[in-house]
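Notes to accompany the following structure.
Written out as C-alpha cells, the structure reads:
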C-alpha cells in the first residue's frame, strides 16, 4: 500500500518521500472516518518504511491543517446513548487514536508536519506526533478544549510537555488562546517558519536533506532524542474520560453544534 486514496487522507511516494495528504472538508476534523483512514496508514507504514526514510504530513484544505476532533459527530453519536454507552464509545475511540498517534510518534521514519491555517486541538496533537513541524507564517496553534470542559485527549499534553517549556503548555491549555507561527517557533514547537503557502515546499526540501543520511542511524537518533511518554498518555485517557462523564460536557457540545458562528472552533 505504498499509494492509497481514502475518503479523508491519501498517501504516495513523491521523489522518494512518503507524502500523506489530509483532505476532508471542511477542515480535516478527526472523527471515525479519519481514524479509519489513519489506521489504514498505520498498516501501510512497514511497507513505506522499506521504501523511504522520511514522511511528510500535510493538508490540501485551504482552511488549514486540522480544526481538531469532529465534535459534531461526537455530539450526534451521544444523543441516543446512555451515559455509560457514551463513555465506552469515547474510551474505545481514544484507545484507537492513541495507538495510531503513538505508532506515528515512534516510527523509524523522520516525520515532518507541514502546517498552515488552523492547527487546533486534535490537529495540533496529530502534528505533535511528527519529529519536525514546518509552519506557514499564517498558522495558528491552539488547544481550545477547556471551553468544552475537557482536556486534549489525543496525546497533546504529554507530547507538548516533551517538546516545549511548561509555561507554554499551561498558556495554551489554560487560556485556550491561539499563538502564531513565530511565537510557536520561539517556544520550540515549530522548527521552521515558511512564507505563506510555502510550508509544503520547505518540508519537501527538509525531507530531501533527511534522506542524505543512513535511515538506521536517523532512526536510532530519533529513539534516543524522542521517547514516547506512554505512562503520561495512559493517564491522559483516564483523565479525559473522567471529565467527559460529566453532564456539563454534553451541554457544551450542544452549544458548539448549535452555534451559528461560521468558525465555532476559533478561540
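Residue numbers (this note's numbering): -19 to 247.
For glycine and all other residues, C-beta sits at the position ideal for the given N, C-alpha and C.
For the region 2 to 12 and the region 44 to 60, state whether three or more C-beta atom pairs, one from each stretch, are separated by less than 8 angstroms. yes
Kindly identify the DSSP beta-bridge partner or partners of residue 116. The residue you call residue 116 lines up with position 136 of the chain shown. Beta-bridge pairing links residue 116 to 174.
Just the C-alpha distance for residue 120 and residue 137, rounded to the nearest angstrom, thanks. The residue given as residue 120 occupies position 140 in the chain shown. The residue given as residue 137 occupies position 157 in the chain shown. Near 17 angstroms, if we compare the C-alpha coordinates of residue 137 and residue 120.
Local conformation of residue 190 per DSSP, three classes: Mapped onto the chain shown, residue 190 falls at position 210. Note: residue 190 maps to helix in three-state DSSP.
Does DSSP put residue 97 in a helix, in a strand, or in coil? Counting from 1 along the chain shown, the entry for residue 97 is found at position 117. Of the three classes helix, strand and coil, the one that applies to residue 97 here is strand, per DSSP.
Give the DSSP-derived three-state secondary structure of residue 197 in the structure shown. Numbered from 1 along the chain shown, position 217 holds the residue referred to as residue 197. Reduced to three states, the DSSP call for residue 197 is helix.
With distances taken Cα to Cα, identify the nearest neighbour of residue 114 among 181, 27, -18. Position 134 of the chain shown, counted from the first residue, corresponds to residue 114. Of the listed residues, the one whose Cα sits closest to residue 114 is 181.
Taking C-alpha atoms, which residue in -15, 144, 200 lies nearest to residue 86? The sequence position of residue 86 within the chain shown is 106, counting from 1. Among -15, 144, 200, the Cα nearest to that of residue 86 belongs to 200.
Residue 252 lies in the alpha helix (DSSP H); which residues open and close that run? With the chain running from -19 to 247 in the structure shown, residue 252 is simply not present.
Quick one: using the 10 Å Cβ neighbour count with 16 as the cut-off for buried, is residue 207 buried or exposed? In the chain shown, residue 207 corresponds to position 227, counting from 1. Exposed, by the Cβ-count rule.
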